[in-house]
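Each protein sequence line maps, in turn, to chains V and G. Using my numbering, the first residue of the first sequence is number 1, and each one after it goes up by one. Using my numbering, the first residue of the second sequence is number 399, and each one after it goes up by one. All C-beta atoms, glycine included, are put in the ideal place defined by N, C-alpha and C. Please read all numbers here as calculations on a predicted model, not as lab measurements. What follows is one structure encoded as C-alpha cells, with my remarks underneath.
There are 2 protein chains.
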Amino acid sequence: MENGALSNIVVLDLTRVVAGPYCTAVLADLGAEVIKIEIPGKGDDSRSYGPFVNGESLYYANLNRNKHGVTLNMKVEKGKEIFRELVKKADVVVENYRPGVMDKLGLGYDNLKEVNPRIVYAAVSGFGSYGAYHKRPGYDIISQAMGGLMSISGPEGGSPTRAGNAMGDILGGLNLTIGILAALNARQMTGKGQRVDVSLVDSVVSSLETCTQRYFATNEPPKLQGNRYGHLSPYDSFKSKDGMFVIGCGNQKLFSLLCLKALNRPDLLENPMYLTNDLRCQNHKTLKAEIEKWSENLTSEEAVDVISAAGVPAAPILNLKDISENRHIAFDREMFVTVEHPIIGKMRVNGNPIKLLDAMPRIKSCAPLLGQHTEEIFGKFLGMSAEEINRCREQGIL
Amino acid sequence: MENGALSNIVVLDLTRVVAGPYCTAVLADLGAEVIKIEIPGKGDDSRSYGPFVNGESLYYANLNRNKHGVTLNMKVEKGKEIFRELVKKADVVVENYRPGVMDKLGLGYDNLKEVNPRIVYAAVSGFGSYGAYHKRPGYDIISQAMGGLMSISGPEGGSPTRAGNAMGDILGGLNLTIGILAALNARQMTGKGQRVDVSLVDSVVSSLETCTQRYFATNEPPKLQGNRYGHLSPYDSFKSKDGMFVIGCGNQKLFSLLCLKALNRPDLLENPMYLTNDLRCQNHKTLKAEIEKWSENLTSEEAVDVISAAGVPAAPILNLKDISENRHIAFDREMFVTVEHPIIGKMRVNGNPIKLLDAMPRIKSCAPLLGQHTEEIFGKFLGMSAEEINRCREQGIL
C-alpha cells in the first residue's frame, strides 16, 4: 500500500502542543490526510517553544511532520462557515482545547454532527469532558502527579519522580488514536460517527497496570522502590565501574544462568536466601550487593556483554546520543528519520513505532510553515479561488 | 452500540504477561471477541505472578478481564490444525513470543495468510521482528533502559530512574492496538490482512517526543533534571509542610496570576531574573526556592487550593490509595471497575481510558479460569462436540 493504511481518512486537526499533535502525527505517518488548522498570524502555541534553529521551533517541527498546514480564524462567522464546509468533507475532527471551548464557538460535536453525521469527533484534555474535575486545566505534569505515576516512580527513600518525557501527553495521544480508529470501525457498522473523549489522567491511571493490584491486595500504597520490580528479582539496575546497567532476570532458569555462567557464583544459586523468585524478591538488597561486588569491577559494557553471553537479558542505559546513533534503533528500525525543512534545513524527526509491514509508516514531508497549504487545501476541498482566499486573508479570516 | 465499537472483530490472543495482554484487554473492552489461547495445564506465565487472592493471581485477573479463555497445545499437529481452523474464523492473531517462535511452529504469518488472507497478524517483542537486535530478549526494564527513557528520568544529580510501572510494555501494547486497527482499516481497501510489528524499545523511543530535539539542537544529551521541564518554568514539583505538590505554569499570564493572586509576591513578577519564561527556565533554582519559602508553611492540599483558586494549574501527588478513592478518577471516569471473580470474589480492575460516547468501553466479565471457555468457543467456532473436546483433552491437545 503505497499511500498507507489510513489513506482513505481525512483528519481536521485543531490540536496544539503535544497530546493532540502526537495523535495526529501517528495518523499522518500511517497515511491519513491530516489538515492542521492554525490561528492566522500565531499558530500552534508550540511554534514558540524551543529549541529553535533559524528561529523555527524543532519542538513543533518534530510533532507536526507529514501534516498539511492551513490558517483559519474560527472565531468569526465566515471562518466557522469554512470550517463546517471542511467538516462535510472530513472523517475526523481532533482537538485538545479545554472541554467546552468548541461548544462555545458553536462547533462542538452536537453542532458538527448536524453538518456531517459521519464525523468522528475526538478530544483529549486533562480530565476529560465529564466528571467532577472536567473543567480543571490539565497539563502533562498534572496528569503524572494525579494519575499516580509519580507516587510509584523514584529512588528508594527519595521523592516522587516524573517520567522525564511528557508521558501523560503521549499516553493520552495514543489512547485518542485508538479511540478514533475504533470509532471509524464502528462507523462501518452504524454509518454514524461519534465522540471520543480521552483524558490524560485516565490514561496515566490505566498505564499503572498491576501496580494498583498490589495496593488492593495489601491496602498499602506501594513505596518508591527505585528501578527494581516488586514481583521479580534480580530485575533492576546495578552499579558498574563507569555507571549503571540493567538485568532482567525473569525466571529461575535465567537466575541459574546468571549465577553459573556470568557471575561464576554457584553458591548464590544454592543460598537459601535466593532459592526462589519470591525469596529473591524478599532479599533483593543483599542479592543486589552480591551482584554489584562483581559488576563494580567492570564497565557497564563489559558487564552487559558477559551477562548477555550467558543468555540472560541485560542492557546498557542508553542516553539520547546513544539511541540516535544506535544501528538497530536509529537505522534498522528507522526511529529517527531525516527530513528537509525549508528554514531549519536537514533535521531528524522521531520515527514511528507502528510497523505495518505492507503499509509502513512513512515520513514524507516536514512540518508546515504557518498557513503553507492554505491555497492547496481550500482549493482542493472547497473549490475556493486564489482571489477568494486572498480576500479572506485580508479580512483576517485565513 | 450495545456491543461496543469493535463487536465485529474476532481476536485470537496468544499473548502472555503485560504488553500483549494489555493490547487485547483494550480490544476486548471496546467490544472485540477476544479468545485467549493458553497452554493446557499451565497457562499465561503471569498466572504465577503475585499478588494472589485465594491462590489466584490479581496480576493475571486484572489484565485479562473481558476475554474468553481456551486451552490448546500448539506444539502437536492436531493442536496446530485446530488453531488453523480458528484462524479461518478470526480477524486478528496477536502474539508476544520472541520473533521466530511462531514460524518455527509453522504458524507464522506466511503460513497463516495461506489459511486466511484476511488475517491481521500482530506481534510485539522487545526489539521487533527485524533489525540488528531482533533476536535479543526484551523485557520492560530493557526497553526503559535502551529506549532512552531512564537517561532522562530521575532526580537532578541522581541516577537514571525507570517509570515505576511497566511503561515500555504499556506503550508497546498501545502501539500494537493502533497497528491492528490501522491494518483492519487497510483491509477495507485491499481485502487483505498484513503483519503488524511493534517493539518495546521503538515504542519508548517514540514516546520521548521533543527530548530528542533538545539533544539534536545542542549535541549534549539532556541531564537528569528532576521533575522540572526544560522549556517551561515554574513547571515542577515543590516542597510543602507535609510532602510535595506540582505547579504547571505554562505561560506569562499564569505566572502573573501565581505571583499576584497566590504567592502575594508582586516583586517576583518584576524581578529581572523572572521576566520571561526563558529567564525563568535559566533561573529555575532560585525561583523554586522563592516558591518553596511560601509553600513550606502550608500542607500540599492548602498550597494546591490557593494556587488553583488563583486560576493556575496545580495538583497534589496522588498515591494509589488516593486515585482508587478519588471521585473523579475512580467513579465519574470509571477508572476502577468492580467485577465478581469465581475464586477471588469481588475485585477491582483497571478501567479503560478510551471513552467512545456512543460505544463506551465496558468491563462485562472477569478473567477466565484456565480453559474456562474451551467447550463454548470450540463448539461455537468449530462445531466440536463435547465428546470430541473430551478426547482432545485426554490426549493433552486441549
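Determine the DSSP secondary structure at Lys75/V, reduced to helix, strand or coil.
-> To locate residue 75/V, count along the first sequence from 1; it is residue 75. Reduced to three states, the DSSP call for Lys75/V is coil.
Uninterrupted alpha helix (DSSP H) stretches inside the segment 315–353 of chain V (no shorter than 4 residues) | 320–325
Inspect the CB distances between the segment 258–265 of chain V and the segment 469–481 of chain G and report whether three or more fall short of 8 Å.
-> no
With a threshold of 16 other CB atoms inside 10 Å of the CB of Gly106/V, please say whether the residue is buried or exposed.
-> Working through the first sequence from its first residue, we reach residue 106/V at position 106. Gly106/V should be labelled exposed.
Evaluate the contact criterion for the segment 207–221 of chain V versus the segment 270–277 of chain V: three or more CB pairs, one atom per stretch, below 8 Å.
-> no
May I ask you to report which of helix, strand or coil DSSP gives Val492/G?
-> Translated into the one-based positions of the second sequence, residue 492/G becomes position 94. In the three-state scheme derived from DSSP, where H, G and I count as helix and E and B as strand, Val492/G is classed as strand.
By Cβ distance, which residues of its chain are closer than 8 Å to Leu12/V, with the 5 residues on each side in sequence left out?
-> As a working note, residue 12/V is residue 12 in the first sequence. Only Ile35, Ile37, Phe83, Leu86, Val87, Ala90, Val92, Val93, Val94 meet the Cβ criterion.
Chain V contacts made by the segment 721–737 of chain G, where a contact means CB separation under 7 Å = Ile721, Ser722, Arg725, His726, Ile727, Asp730, Arg731, Met733
Going straight from the alpha carbon of Gly398/G to that of Glu296/V, what length do you get?
-> With chain G represented from 399 up to 796, any question about residue 398/G goes unanswered, as that position is not in the structure.
Do the segment 549–557 of chain G and the segment 150–165 of chain V make contact, defined as three or more Cβ pairs closer than 8 Å?
-> Yes: at least three Cβ pairs fall under 8 Å.
Tell me where the beta strand (DSSP E) around Val594/G begins and ends.
-> The sequence position of residue 594/G within the second sequence is 196, counting from 1. It spans 593–597 - the beta strand (DSSP E) in which Val594/G sits, taken as one unbroken run.
If you measure from the CB of Gly108/V, is any heavy atom of the ligand SAM nearer than 7 Å?
-> As for the ligand SAM, it is missing from this structure, which has no ligand bound.
Mark Lys753/G as exposed unless 16 or more other C-beta atoms lie within 10 angstroms of its C-beta, in which case mark it buried.
-> Taking the first residue of the second sequence as position 1, residue 753/G is located at position 355. Buried: at least 16 other Cβ atoms inside 10 Å.
Kindly say whether Pro766/G, judged by its beta-carbon, lies nearer than 8 Å to any beta-carbon of chain V.
-> Taking the first residue of the second sequence as position 1, residue 766/G is located at position 368. It does not: the Cβ of Pro766/G has no partner Cβ on chain V nearer than 8 Å.
From which residue to which residue does the alpha helix (DSSP H) around Met806/G run?
-> A question about residue 806/G goes unanswered here, because the residues of chain G that appear run from 399 up to 796.
Mind checking if Pro313/V is an interface residue toward chain G, Cβ cutoff 8 Å exclusive?
-> Residue mapping note: residue 313/V aligns to position 313 of the first sequence, counting from 1. Yes, Pro313/V lies at the interface with chain G (some Cβ there is under 8 Å from its Cβ).
Under a Cβ-count criterion, where at least 16 other Cβ atoms within 10 Å of its own Cβ denotes burial, should Pro222/V be classed as buried or exposed?
-> Looking up residue 222/V in the first sequence gives position 222. Classification for Pro222/V: buried.
Is it true that the CB of Gly562/G sits closer than 8 Å to the CB of Leu149/V?
-> The sequence position of residue 149/V within the first sequence is 149, counting from 1. The sequence position of residue 562/G within the second sequence is 164, counting from 1. For Leu149/V and Gly562/G, yes; Cβs fall inside 8 Å.
Mind reading off the beta-carbon distance from Val735/G to Ala145/V? Whole number of angstroms is fine, and I expect it under 8 Å.
-> For the purposes of this step, residue 735/G is identified with residue 337 of the second sequence, where counting begins at 1. For the purposes of this step, residue 145/V is identified with residue 145 of the first sequence, where counting begins at 1. Incorrect: roughly 23 Å between the Cβ atoms, too far for contact.
Pro117/V: which of Tyr109/V, Gly396/V, Ile323/V sits nearest, CA to CA?
-> The residue labelled residue 117/V in the question sits at position 117 within the first sequence. When only C-alpha atoms are compared, the closest one is Tyr109/V.
Look up His466/G in the DSSP assignment and say whether it is helix, strand or coil.
-> Counting from 1 along the second sequence, the entry for residue 466/G is found at position 68. Three-state result, His466/G: strand.
So which residues of chain V does Glu431/G contact, with C-beta pairs closer than 9 Å?
-> In the second sequence, the residue the question calls residue 431/G occupies position 33. Residues of chain V whose Cβ lies closer than 9 Å to the Cβ of Glu431/G do not exist; the shortest such Cβ separation is about 14 Å.
Span of the alpha helix (DSSP H), counted from its first residue to its last, around Met565/G = The residue given as residue 565/G occupies position 167 in the second sequence. 565–588 is the span of the alpha helix (DSSP H), which, as asked, contains Met565/G.
Could you check which residue in Lys762/G, Gly628/G, Leu780/G, Glu792/G has the C-alpha nearest to that of Gly402/G?
-> Within the second sequence, the letter at position 4 stands for residue 402/G. If we check each option's Cα against that of Gly402/G, Lys762/G comes out closest.
Mind listing the chain G neighbours of His231/V? Cutoff is C-beta to C-beta under 9 Å, in chain order.
-> Taking the first sequence and counting its residues from 1, one reaches residue 231/V at position 231. Going along chain G in sequence order, the residues near His231/V (Cβ under 9 Å) are Tyr447, Gly448, Pro449, Tyr457.
Use the C-beta contact count for Gly781/G: other C-beta atoms within 10 angstroms, 16 or more gives buried, fewer gives exposed.
-> As a position in the second sequence, residue 781/G is number 383, starting the count at 1. With fewer than 16 other Cβ atoms within 10 Å, it is exposed.
Exposed or buried, which one is Leu63/V when buried takes at least 16 other CB atoms within 10 Å?
-> For the purposes of this step, residue 63/V is taken as the residue at position 63 of the first sequence. It counts as buried.
For Ala386/V, count neighbouring C-beta atoms within 10 Å of its own C-beta (all shown protein chains included) and say buried if the count is 16 or more, exposed if not.
-> By 1-based counting over the first sequence, the position of residue 386/V is 386. By the neighbour-count rule (16 or more Cβ atoms within 10 Å), Ala386/V is not buried but exposed.
Using a Cβ-Cβ cut-off of 8 Å, state whether Met244/V counts as contacting chain G.
-> Within the first sequence, residue 244/V is the residue found at index 244, counting from 1. Interface residue, yes.
Give the interface partners of Cys211/V over in chain G, defined as CB-CB distance under 8 Å, in chain order.
-> Start at 1 with the first residue of the first sequence, and residue 211/V comes out as number 211. Residues of chain G whose Cβ lies closer than 8 Å to the Cβ of Cys211/V are, in chain order, Gly562, Asn563, Leu718.
Just the chain V side, please: which residues come within less than 7 Å of Asn583/G by C-beta, in chain order?
-> In the second sequence, residue 583/G corresponds to position 185, counting from 1. Per Cβ cutoff of 7 Å: Ala5, Leu6, Leu181, Leu184.
Of all the CB atoms in chain G, is at least one closer than 8 Å to the CB of Arg118/V?
-> Position 118 of the first sequence holds residue 118/V. Not one chain G Cβ lies under 8 Å of Arg118/V.
Option nearest Ser638/G by Cα separation, candidates Leu673/G, Ser698/G, Ala615/G | As a working note, residue 638/G is residue 240 in the second sequence. Checked all of Leu673/G, Ser698/G, Ala615/G; the closest Cα to Ser638/G is Ser698/G.
Helix, strand or coil for Phe525/G per DSSP?
-> Sequence index remark: in the second sequence, residue 525/G carries index 127 (1-based). Three-state DSSP puts Phe525/G in coil, outside helix and strand.
Which residues mark the beginning and the end of the beta strand (DSSP E) in which Leu12/V is found?
-> Locating residue 12/V in the first sequence gives position 12, where the first residue counts as 1. Start and end: 10–13.
If we count the other Cβ atoms within 10 Å of its Cβ and call it buried at 16 or more, is Leu58/V buried or exposed?
-> Residue numbering aside, residue 58/V sits at position 58 when the first sequence is read from its first letter. Here Leu58/V is buried: its Cβ has 16 or more other Cβ atoms, across all protein chains shown, within 10 Å.
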